[in-house]
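Notes to accompany the following structure.
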Amino acid sequence: MLFRYRGDPSMWAWLLHRLTGVGIFVFLLVHVIDTALISFGRDLYDAMMQLYHHPVFRIGEILLFGAVLFHGINGLRVIVLDFAPQTTVYHRQMLIGVVAAFVLLFVPAAVIMFAQTFTANETWKLGVSDWRSWFPALVATAGIVFVYAPTLNMPQPQLSVRPAGGLELYGWIFIRISGLLLIFLVLGHLTIMHLMDGGVYRINYEFVAQRLSSLFWRTYDFVLLALAIAHGTWGMRNVLLDYIHRPSARLLALSLLYTIVGIVLSLGALVLFTFQPR
Ligand code: HEM
Ligand code: HEM
């Protein structure tokens with residue numbers, strides 16, 4: 002099942018889309034809980050933020066950024082193919098476009114995040130912030146993608162089957178519409194947190210308290226929370242139903258998923274509605 006589209010690049014795109022979707026979802030559950038620590042005061046939140054500054058976690062954050070970028074850009078390809086099936090004739094160009102857009106956006110973002118890590122850590126300073134040290138690698142990678150990609154053997158992709166009606170159809174439409182909105186919301190959030198003004202190194206209790214004093218950012222975070230949790234939960238439900246077939250095991254897995262999601266969503270909303278800086 003996991004490898005049901007064995008052998009062509011759209012299979013890899015499908016598998017990577019699934020893995021990144023599950024990965025981002027799991028991160029989000031942990032992230033809502035770590036954000037909730039803000040309610041317990043300055044010391045606890047700032048101590049937790051030190052984890053985000055650790056070089057090993059920095060690698061994880063760069064991978065997370067890549068996962069969101071890939072999932073978002075590839076999701077856009079899936080949405081276009083689903084809503085405009087006539088574009089299937091360009092499926093090859095679209096897949097190449099996904100890889101090219103990913104490389105062009107991810108490499109500079111990763112370089113900025115690496116540079117922050119090195120400059121924040123005196124002993125690691127490598128001068129990566131100098132564009133001459135990374136620009137040749139960017140051009141070489143983009144070159145390889147453009148030369149190699151057109152030689153790939155790419156059969157026509159199977160369009161995902163649009164459910165006939167009922168809850169399945171609403172879920173199918175919802176995951177696509179919420180995906181479109183999440184591109185702006187999640188990438189906006191990550192750009193603020195990672196790419197602007199020194200990235201995660203300036204995030205602490207004061208920073209969050211100041212942001213949450215604005216109704217705009219509280220609302221932004223709440224919409225992000227609700228959409229990402231709902232989108233991820235419907236996606237996780239589909240993934241679980243794909244791999245678990247016994248009715249009793251399905252009931253158990255889905256009950257567990259909905260219970261965890263219910264608790265995390267309530268906690269996240271509670272923090273956003275009630276947090277008062279001390
Ligand atoms: C950044 C914007 C996003 C876009 C454009 C997007 C798009 C999509 C699309 C179109 C699908 C359906 C794929 C299919 O039916 O073949 C999907 C599935 C999924 N998404 Fe997203 N998504 C985004 C963000 C997220 C986020 C933030 C999460 C986690 C909280 C997430 C988790 C998932 C999961 C778990 C699936 C199910 C994967 C599968 O069935 O293989 N997505 N996404
Ligand atoms: C390592 C990367 C990330 C960092 C450093 C980060 C940082 C933060 C910070 C500082 C807050 C506190 C509130 C604020 O200042 O707006 C926050 C809240 C939030 N973040 Fe992130 N974020 C990251 C990734 C993500 C991703 C990938 C998602 C979505 C899939 C996400 C969704 C949210 C949500 C929904 C909240 C509100 C949580 C609540 O209900 O209290 N974040 N984030």
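Be aware that the sequence shown starts at 2, since it is given in the numbering used here, and climbs by one per residue. We treat Cβ as the ideally placed atom computed from N, Cα and C, and that holds for glycine. Please read all numbers here as calculations on a predicted model, not as lab measurements.
My output table needs one value for residue i: the three-state DSSP class, helix, strand or coil.
i, result
"residue 197", "coil"
"residue 277", "coil"
"residue 9", "coil"
"residue 40", "helix"
"residue 56", "helix"
"residue 144", "helix"
"residue 280", "With the chain running from 2 to 279 in the structure shown, residue 280 is simply not present."
"residue 164", "coil"
"residue 85", "coil"
"residue 75", "helix"
"residue 124", "Note that residue 124 scores a pLDDT of 49, beneath 50, so its modelled location is shaky and nothing firm can be said."
"residue 214", "coil"
"residue 230", "helix"
So residue i and residue j are supposed to be a Cβ contact under 8 Å. How far apart are they, rounded?
i, j, result
"residue 70", "residue 16", "Not a contact, Cβ separation roughly 17 Å."
"residue 83", "residue 163", "7 Å"
"residue 228", "residue 186", "7 Å"
"residue 265", "residue 34", "7 Å"
"residue 59", "residue 118", "5 Å"
"residue 11", "residue 96", "6 Å"
"residue 37", "residue 225", "Between residue 225 and residue 37 the Cβ distance is about 15 Å, and since that is not below 8 Å, they are no contact."
"residue 102", "residue 74", "5 Å"
To the nearest angstrom, report how far apart residue i and residue j are at their CA atoms.
i, j, result
"residue 238", "residue 260", "13 Å"
"residue 177", "residue 169", "13 Å"
"residue 180", "residue 77", "8 Å"
"residue 262", "residue 234", "7 Å"
"residue 258", "residue 192", "29 Å"
"residue 276", "residue 223", "13 Å"
"residue 255", "residue 144", "45 Å"
"residue 116", "residue 171", "44 Å"
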